[in-house]
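A quick write-up on the structure given underneath.
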Amino acid sequence: MIKRTLILLYILLILTMATATVVEKFMGTDYVSSRIYGAWWFSLLWGILTALGVLYIVRSRMRQWNIVALHLSFVVILAGALLTHLTSFRGTMPLRVGQTTDRYYRTDGETGMPSHRLPFRIRLDGFHVRYHAGTKAAADYESRVTVMDGNDRQPAIVSMNHIMTHRGVRFYQSSYDADMRGSTLAINSDPYGIPVTYTGYALLFFSLIALLMRRDGTFRTLLRHPLLRKGMLVSVLWLCMLDVNATTTFPKDVADRFGHLHILYQDRVCLLQTPARDFTKKLCGKASYKGCTAEQVFTGFIFWGDEWADELLLKVKRGVFKETLQLPDYVSVNALFDRAMGGYRLAAYVEEYYRGAQDDFHRQAVELDEKVKLVMELRQAALLSIFPYTTGGRTLWYTPTEKYPAAIPAADVRYMREVFSTLYADALTGNNAHVAEVLQGLEQFQRRHAGTSLPSIWTDCAERIYNVVPFATLLFVVNLVAGLALLLFFILRLTRRPCKLYVTRWVQRVSVGVLLVSFLSLTLCLALRWIISGTIPMGNGYETMLFVAWLILLAALLCRRMEAVVMFGLILSGFFLLVSHLSLMDPAITPIMPVLHSPLLTVHVGIIMIGYALLSFTFICGLTGLFVPRHAQQLQVLSQLFLYPALAALGSGIFIGAIWANVSWGQYWSWDPKETWALITFMVYGAAVHKQSLPLLARPHAYHIYMTLAFLTILMTYFGVNYFLGGMHAYA
Numbered sequence: 001m002i003k004r005t006l007i008l009l010y011i012l013l014i015l016t017m018a019t020a021t022v023v024e025k026f027m028g029t030d031y032v033s034s035r036i037y038g039a040w041w042f043s044l045l046w047g048i049l050t051a052l053g054v055l056y057i058v059r060s061r062m063r064q065w066n067i068v069a070l071h072l073s074f075v076v077i078l079a080g081a082l083l084t085h086l087t088s089f090r091g092t093m094p095l096r097v098g099q100t101t102d103r104y105y106r107t108d109g110e111t112g113m114p115s116h117r118l119p120f121r122i123r124l125d126g127f128h129v130r131y132h133a134g135t136k137a138a139a140d141y142e143s144r145v146t147v148m149d150g151n152d153r154q155p156a157i158v159s160m161n162h163i164m165t166h167r168g169v170r171f172y173q174s175s176y177d178a179d180m181r182g183s184t185l186a187i188n189s190d191p192y193g194i195p196v197t198y199t200g201y202a203l204l205f206f207s208l209i210a211l212l213m214r215r216d217g218t219f220r221t222l223l224r225h226p227l228l229r230k231g232m233l234v235s236v237l238w239l240c241m242l243d244v245n246a247t248t249t250f251p252k253d254v255a256d257r258f259g260h261l262h263i264l265y266q267d268r269v270c271l272l273q274t275p276a277r278d279f280t281k282k283l284c285g286k287a288s289y290k291g292c293t294a295e296q297v298f299t300g301f302i303f304w305g306d307e308w309a310d311e312l313l314l315k316v317k318r319g320v321f322k323e324t325l326q327l328p329d330y331v332s333v334n335a336l337f338d339r340a341m342g343g344y345r346l347a348a349y350v351e352e353y354y355r356g357a358q359d360d361f362h363r364q365a366v367e368l369d370e371k372v373k374l375v376m377e378l379r380q381a382a383l384l385s386i387f388p389y390t391t392g393g394r395t396l397w398y399t400p401t402e403k404y405p406a407a408i409p410a411a412d413v414r415y416m417r418e419v420f421s422t423l424y425a426d427a428l429t430g431n432n433a434h435v436a437e438v439l440q441g442l443e444q445f446q447r448r449h450a451g452t453s454l455p456s457i458w459t460d461c462a463e464r465i466y467n468v469v470p471f472a473t474l475l476f477v478v479n480l481v482a483g484l485a486l487l488l489f490f491i492l493r494l495t496r497r498p499c500k501l502y503v504t505r506w507v508q509r510v511s512v513g514v515l516l517v518s519f520l521s522l523t524l525c526l527a528l529r530w531i532i533s534g535t536i537p538m539g540n541g542y543e544t545m546l547f548v549a550w551l552i553l554l555a556a557l558l559c560r561r562m563e564a565v566v567m568f569g570l571i572l573s574g575f576f577l578l579v580s581h582l583s584l585m586d587p588a589i590t591p592i593m594p595v596l597h598s599p600l601l602t603v604h605v606g607i608i609m610i611g612y613a614l615l616s617f618t619f620i621c622g623l624t625g626l627f628v629p630r631h632a633q634q635l636q637v638l639s640q641l642f643l644y645p646a647l648a649a650l651g652s653g654i655f656i657g658a659i660w661a662n663v664s665w666g667q668y669w670s671w672d673p674k675e676t677w678a679l680i681t682f683m684v685y686g687a688a689v690h691k692q693s694l695p696l697l698a699r700p701h702a703y704h705i706y707m708t709l710a711f712l713t714i715l716m717t718y719f720g721v722n723y724f725l726g727g728m729h730a731y732a
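Reading the sequence shown from the start, the letters are residues 1 to 732 in full-length UniProt numbering.
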């Protein structure tokens, strides 16, 4: 009776959450937050499910401590969520410069008094927008405040990437007033729920690791399964899968000469080729456009800006934003400026976003605005810090249009102001020979006045190689294809007669060869980045993904005699490299929201991607088991080998994302559609490991049907949320 009720409640909660994401699409977030997720009956369902689950575990006399700890972690997490729901509060605190207040406004559905009071006061001393060097692009929004608690006065800074905490109340930068004299801070107080929830997370991570590492556990037992030895060794087989010419620009050889100039870019001196490639990737999604190199696109916008502003470069994501502005899939820069519609069509939406309207519609407007802003800054030469000058032992880099220090001689000032006018005239008349001469003179000017700030020849050489060879893209394709080929080979060995010994050895040698080439290539990639930056390449999320992939390949090489480890190394490194590749599709020339630069985000995305990838191969095993029933039992064992690490990765990834969200904006779970569907996926696949409680899933045929249908939750998580449900995690 308990088990049946438990199963029914489990299914009911999954269906409720799935329905809520669809209802949210039509009724809005506030509706489902108050009527479903925040309703008493929804919390009651979770409470009854938890109580029955604990009772069932006690009656079952479960003896494996790691399994008990795993289920206990969910109880603790839900208890923390209940404490958060009952004891926490969220709100906003509007501030004006020089004014002191202790009042805030609840934003968590609280009714009654329009405002509440804190036990201390906050004074706004100033609000400041920090810009990126050499640009007018906002890098951060900072509120300088003073906390007044009795006789204590404590100054602090609250910004998009820096939280202030006082007496258990956390303050986040939320929005600001149009006159720059006011700021709104978001506040969150959850002194009881967060410690309990984090305890649950820690217990969860520990028990998930134990689930895979315990010697007498199910996963380690599966690795020794005799059915695997028949056909697939000890397979920790972690997986089971016309350009037209653009508008006017310089010839490739002339544009390439521009790429050899040096420029101050992202606080370092590098070849102009690098910002040119990043600029083109930012606009087009790749380092070329209609047969034009990145340098041609970059110089095209500089010297033929009006023509290039008509090119359909900017992709517009589908959704309400696109429909409201009636935009096609790709738009030009000029299409976003319309005098009849009030000038710049995105201006109002961007302002609303930075004043607090940070929904999906306004977020897409800001993303498109970043690209337009980048083009405008290039056309105004604000990005072209290419004139170095050393005075008083200090070298600074200047743009053609800024005010130069009086210490610079008039002749050099005249040269810096006029050189681009000369290039512009030559570009319009097609005098490319003179352009080359002017560029040669500019290179000499840089060497003469740059002091010691110019990179070495070896550094420039390393940067050219790195810019030309897309290491992450090539290696993720090679590794995943090689891993998939190995998987197919093992499946063939499973479903047919054993291969001849020489074939098996040949496949082993080729796979190790691919592994070695991939490792050496990635080593070269990291070495080039080290030479270019002068520091160990572990300073950001992209480099971390590369380094993790490198470590995986190294471990696989050291254990190359084990076929399973070679397979694991290729597949897993391929997915880490895929994450690296995806992070390069939108290079951060101008900053996106600072919160997205957190290393927790990179880990969260990388681990969840691994989990989804592994689960996708349980789908392949399921289909194969249904169509080749005589090998259904072997495929069930193989599928379970994917399932256990997949659940560990998915569970860890989901709750690492929750920690990141809590650190960044004070709410570790917001019931966003993608969050909800990730939880649904975890719950659906989690049921498949409960063979003793669900004996039907112990049968190979029923198991494969379930795993095949379960894959629909992954499809919904990716395609359903992205293209239908929307939300802040939608990418389409």
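Built from N, CA and C at the ideal position, the CB exists for glycine as well.
Figure out for me which residue from the options has the closest Cα to the Cα of residue i.
{"i": "A661", "options": "F617, Q633, V605, H690", "result": "V605"}
{"i": "F489", "options": "R505, L475, L474", "result": "R505"}
{"i": "T146", "options": "R130, H166, R106, S511", "result": "H166"}
{"i": "L83", "options": "R59, G47, H704", "result": "G47"}
{"i": "R394", "options": "S453, R447, H362", "result": "S453"}
{"i": "S518", "options": "L396, S573, Q173, W671", "result": "S573"}
{"i": "M716", "options": "I680, Y706, S693, T16", "result": "I680"}
{"i": "D460", "options": "H85, S533, P191", "result": "S533"}
{"i": "I263", "options": "I536, R257, Q273", "result": "Q273"}
{"i": "residue 747", "options": "I302, G513, L185, R153", "result": "Nothing can be reported for residue 747: it is not among the residues displayed for the chain, which extend from 1 to 732."}
{"i": "L693", "options": "M62, I36, R123", "result": "Going by the sequence as given, residue 693 is Ser instead of Leu. Taking only the C-alpha atoms, the option nearest S693 is M62."}
{"i": "A407", "options": "E418, Y389, Y424, T422", "result": "Y389"}
{"i": "G451", "options": "W458, Q440, N467, G392", "result": "G392"}
{"i": "C292", "options": "H434, A482, P251", "result": "P251"}
{"i": "F206", "options": "D102, P409, M148, V68", "result": "V68"}
{"i": "F617", "options": "P629, V603, A646", "result": "A646"}
Would residue i and residue j be called neighbours here (beta carbons separated by less than 8 Å)?
{"i": "L557", "j": "L515", "result": "yes"}
{"i": "T248", "j": "E311", "result": "no"}
{"i": "T713", "j": "V684", "result": "yes"}
{"i": "L526", "j": "F547", "result": "yes"}
{"i": "G625", "j": "Q636", "result": "yes"}
{"i": "A436", "j": "V254", "result": "yes"}
{"i": "Y141", "j": "M164", "result": "no"}
{"i": "L212", "j": "V169", "result": "no"}
{"i": "V97", "j": "R181", "result": "yes"}
{"i": "L6", "j": "L44", "result": "no"}
{"i": "T197", "j": "A81", "result": "yes"}
{"i": "A549", "j": "L577", "result": "yes"}
{"i": "A678", "j": "I654", "result": "yes"}
{"i": "T100", "j": "R121", "result": "yes"}
{"i": "G259", "j": "S88", "result": "no"}
{"i": "Y289", "j": "L325", "result": "no"}
{"i": "A472", "j": "F303", "result": "no"}
{"i": "R123", "j": "H116", "result": "no"}
{"i": "A632", "j": "H581", "result": "no"}
{"i": "F301", "j": "L378", "result": "yes"}
Quick one: measure Cβ to Cβ for residue i and residue j, integer angstroms, because I've assumed they're closer than 8 Å.
{"i": "A649", "j": "I607", "result": "5 Å"}
{"i": "P455", "j": "L383", "result": "That belief does not hold up - the Cβ atoms of P455 and L383 are roughly 19 Å apart, past 8 Å."}
{"i": "V372", "j": "V333", "result": "6 Å"}
{"i": "I77", "j": "L204", "result": "7 Å"}
{"i": "I157", "j": "Y104", "result": "Not really, about 19 Å apart at Cβ, beyond 8 Å."}
{"i": "L442", "j": "L261", "result": "6 Å"}
{"i": "L643", "j": "A688", "result": "6 Å"}
{"i": "F682", "j": "G651", "result": "6 Å"}
{"i": "L9", "j": "L49", "result": "5 Å"}
{"i": "T676", "j": "M17", "result": "5 Å"}
### Task
Spell out a yes or no on whether the segment 22-36 and the segment 697-711 are touching, meaning 3 or more CB-CB pairs, one atom from each, closer than 8 Å.
Because the criterion of three Cβ pairs below 8 Å is not met, the segment 22-36 and the segment 697-711 do not touch.
### Task
Ignoring anything shorter than 3 residues or poking outside the segment 345-405, list the beta strand (DSSP E) runs there in chain order.
The qualifying runs are 387-391, 394-398.
### Task
Could you pull out every unbroken alpha helix (DSSP H) segment of at least 4 residues lying fully inside the UniProt domain "ResB-like" (59-179), listed in chain order?
If one requires a minimum length of 4 residues, the alpha helix (DSSP H) runs lying completely within the UniProt domain "ResB-like" (59-179) are 65-87, in chain order.
### Query
Hey, which unbroken runs of the alpha helix (DSSP H) at 4 residues or more fall wholly within the segment 4-54?
If we require 4 residues or more, the alpha helix (DSSP H) runs fully inside the segment 4-54 come out as 29-32.
### Message
Threshold first: 4 residues or longer. Then list the alpha helix (DSSP H) segments lying entirely within the segment 241-294, N to C.
### Response
Segments of the alpha helix (DSSP H) lying fully in the segment 241-294: 252-259, 273-284.
### Query
Just checking, does the segment 281-293 make contact with the segment 365-379 on the three C-beta pairs under 8 Å criterion?
Result yes; three or more Cβ-Cβ pairs closer than 8 Å.
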